[in-house]
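For the sequence shown, the residue numbers in UniProt numbering are 1 to 279. Glycine included, C-beta positions come from ideal geometry on N, C-alpha and C. I have placed the structure first, in the form of structure tokens, so that the comments after it can refer back to it.
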Amino acid sequence: MKKIENSKIFINNHLDLFQCPICKDHFTPIQDYQLVCSNHHSFDLSKKGTVHFLLKQPQNEYNKDMLQSRRLIAEDGLWYPVLKNIVSEVNCKNGVHLDVGCGEGSHLQHLIKLGLEGTNIGFDISKDAIQLASAEYTNAFWCVADLAQSPFASNSYDTIFNILSPSNYKEFDRLLKPGGQVIKVVPSEKYLIEIRELIGKNNTPYSNKDVLNKFYQHYPNADRITVSYDHNLNSEMWEHLLNMTPLSWNIEESNKEQLILAPSEKITIEMEILVGAKD
Ligand SMILES: C[S@@+](CC[C@H](N)C(=O)[O-])C[C@H]1O[C@@H](n2cnc3c(N)ncnc32)[C@H](O)[C@@H]1O
Ligand SMILES: [Zn+2]
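Shown next, in the form of structure tokens:
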């Protein structure tokens, strides 16, 4: 079946998971590949089966080339041990899961591979990211949306994944069912330290203290799991790593070329997984 047909069926079966991002009203069942709310705001389904819910075009930091590199390094397993820990923290594996700022979709895809079941939705503000996700991964619903004006219904989600992406705790509270979980992943001091040292960004070591404090303010009983390991790299993956990380975005092209020519054989991954639950 065509992707657009699959998505139409998915949305019609899960209309209660969505709301109009403009007036917050419910959508009516899809006809003619258009999602329409009771106030006649409408959003088209694309041929790939995605829906574009943005009201204005955002500034896009990730281009397709960077997203492709992120996909390749993700599929090389850079974050697999982190994802394995995440899936074991999910209380309701068969529930409704939302990946906030899902990027090109590999994390959600891998979580499904590791045993996440139920209903899976990934969204990102980047159209290019969602195009990549929907082109490759068909076992989740993908849409372009802004966390600040989201098209998702209140009290409807069992799990929110918030992996290296922005947070909006007020919005998370609105979206989660009572008892629903927010699983947030943030880098720790040693995350990608080899790159930080090479580009001289480690004079002031990275600190995640403010992010952690903010999380604990919202979820005082949160659990915290530190995951730390080395990932081996070949020179091709080293180049993709440099290409995809925001750390190297501001360095001059000639410096970047030099870094590419001096590959590191391993990279340090050190991250915190924070798990909070709505009362
Ligand atoms: C560092 S990337 C992480 C992507 C993915 N979670 C990963 O770990 O590979 C941050 C992502 O958040 C997305 N993002 C930023 N602001 C957003 C917003 N307001 N709503 C939805 N996504 C947003 C970006 O487009 C980007 O894909
Ligand atoms: Zn509306």
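**Message:** Let me check one thing: in DSSP terms, what residues is Cys143 bridge-paired to?
**Reply:** Residue 143 sits at position 143 when you count from the first residue of the sequence shown. For Cys143, which the question treats as bridged, DSSP gives the partners Val51, Phe123.
**Message:** Quick check on the contact list: which residues have their beta carbon closer than 6 angstroms to a heavy atom of ligand 1?
**Reply:** Matched residues: Tyr62, Arg70, Gly101, Cys102, Gly103, His107, Asp124, Ile125, Ser126, Ala129, Asp146, Leu147, Ala148, Ile163, Leu164, Ser165, Pro166.
**Request:** Mind checking which residues open and close the beta strand (DSSP E) that includes Ile86?
**Result:** Translated into positions along the sequence shown, residue 86 becomes position 86. Careful: Ile86 lies outside any beta strand (DSSP E), inside the alpha helix (DSSP H) at 80 to 89.
**Request:** State the Cα-Cα distance for the pair Tyr191 and His40, rounded to the nearest angstrom.
**Result:** Here residue 191 is taken as the residue at index 191 of the sequence shown, counted from 1. Here residue 40 is taken as the residue at index 40 of the sequence shown, counted from 1. Going from the Cα of Tyr191 to the Cα of His40 covers about 47 angstroms.
**Asked** Per the contact definition of three or more C-beta pairs closer than 8 angstroms, is the segment 73 to 80 in contact with the segment 139 to 147?
**Response** Between the segment 139 to 147 and the segment 73 to 80 there are fewer than three inter-stretch CB-CB distances shorter than 8 angstroms, so the stretches are not counted as touching.
**Prompt:** What does Met271 pair with, by DSSP beta-bridge criteria?
**Reply:** Against the sequence shown, residue 271 aligns to sequence position 271. Its beta-bridge partners are Pro187, Val227.
**Asked** Should Thr159 go down as buried or exposed, given a rule of 16 or more other Cβ atoms within 10 Å for buried?
**Response** Counted from its first residue, the sequence shown places residue 159 at position 159. It counts as buried.
**Message:** Residues in the same chain with beta-carbon distance under 6 angstroms from Leu72, minus the five sequence neighbours each way, listed in chain order, please.
**Reply:** The residue you call residue 72 lines up with position 72 of the sequence shown. Cβ contact annotation for Leu72 (same chain, cutoff 6 angstroms, sequence separation greater than five): His240, in chain order.
**Message:** Quick check for students: name the residue ranges of the beta strand (DSSP E) that lie wholly in the segment 15 to 46, counting only runs of 3 or more.
**Reply:** Qualifying beta strand (DSSP E) stretches, in chain order: 27 to 31, 34 to 37, 42 to 44.
**Item:** For Asn85 and Leu98, the rounded distance between their alpha carbons
**Value:** Position 98 of the sequence shown, counted from the start, is the residue given in the question as residue 98. Position 85 of the sequence shown, counted from the start, is the residue given in the question as residue 85. C-alpha of Leu98 to C-alpha of Asn85: approximately 17 angstroms in a straight line.
**Item:** C-alpha gap between Gln109 and Tyr137, whole angstroms
**Value:** Taking the sequence shown and counting its residues from 1, the one referred to as residue 109 is at position 109. Taking the sequence shown and counting its residues from 1, the one referred to as residue 137 is at position 137. Going from the Cα of Gln109 to the Cα of Tyr137 covers about 7 angstroms.
**Request:** With distances taken Cα to Cα, identify the nearest neighbour of Lys278 among Phe152, Gln19, Val182.
**Result:** Position 278 of the sequence shown, counted from the start, is the residue given in the question as residue 278. Checked all of Phe152, Gln19, Val182; the closest Cα to Lys278 is Val182.
**Message:** Is Lys56 close to ligand 2? I mean its beta-carbon at under 8 angstroms from any heavy atom of the ligand.
**Reply:** Walking along the sequence shown from the start, residue 56 turns up at place 56. Taken from the Cβ of Lys56, every heavy atom of ligand 2 lies 8 angstroms or farther away.
**Request:** Take the Cβ of Glu75 as the centre, count every other Cβ of all protein chains shown within 10 Å, and call the residue buried at 16 or more, exposed below.
**Result:** To locate residue 75, count along the sequence shown from 1; it is residue 75. With fewer than 16 other Cβ atoms within 10 Å, it is exposed.
**Request:** Return yes when at least one heavy atom of ligand 2 lies under 8 angstroms from the C-beta of Lys24, else no.
**Result:** By one-based count along the sequence shown, residue 24 stands at place 24. The answer is yes for Lys24.
**Request:** Look at the Cβ atom of Cys20, then the Cβ atom of His26, and state whether they are nearer than 9 angstroms.
**Result:** Here the question's residue 20 lines up with position 20 in the sequence shown. Here the question's residue 26 lines up with position 26 in the sequence shown. Taking 9 angstroms as the Cβ cut-off, Cys20 and His26 qualify as a contacting pair.
**Message:** If I measure Cβ to Cβ from Cys23 and keep anything under 7 angstroms in the same chain, skipping five residues before and after, which residues do I get?
**Reply:** Numbered from 1 along the sequence shown, position 23 holds the residue referred to as residue 23. If we look at Cys23 and ignore the five residues flanking it on each side, its Cβ neighbours are Cys37, Asn39, His41.
**Request:** Tell me whether the beta-carbon of Leu233 lies closer than 9 angstroms to the beta-carbon of Glu197.
**Result:** Counting from 1 along the sequence shown, the entry for residue 233 is found at position 233. Counting from 1 along the sequence shown, the entry for residue 197 is found at position 197. For Leu233 and Glu197, no; Cβs fall outside 9 angstroms.
**Request:** Confirm, please, whether the CB-CB distance from Ile121 to Lys242 is below 9 angstroms.
**Result:** Here residue 242 refers to the residue found at position 242 of the sequence shown. Here residue 121 refers to the residue found at position 121 of the sequence shown. Just to set this straight, residue 242 is Leu in the shown sequence, not Lys. Contact: no.
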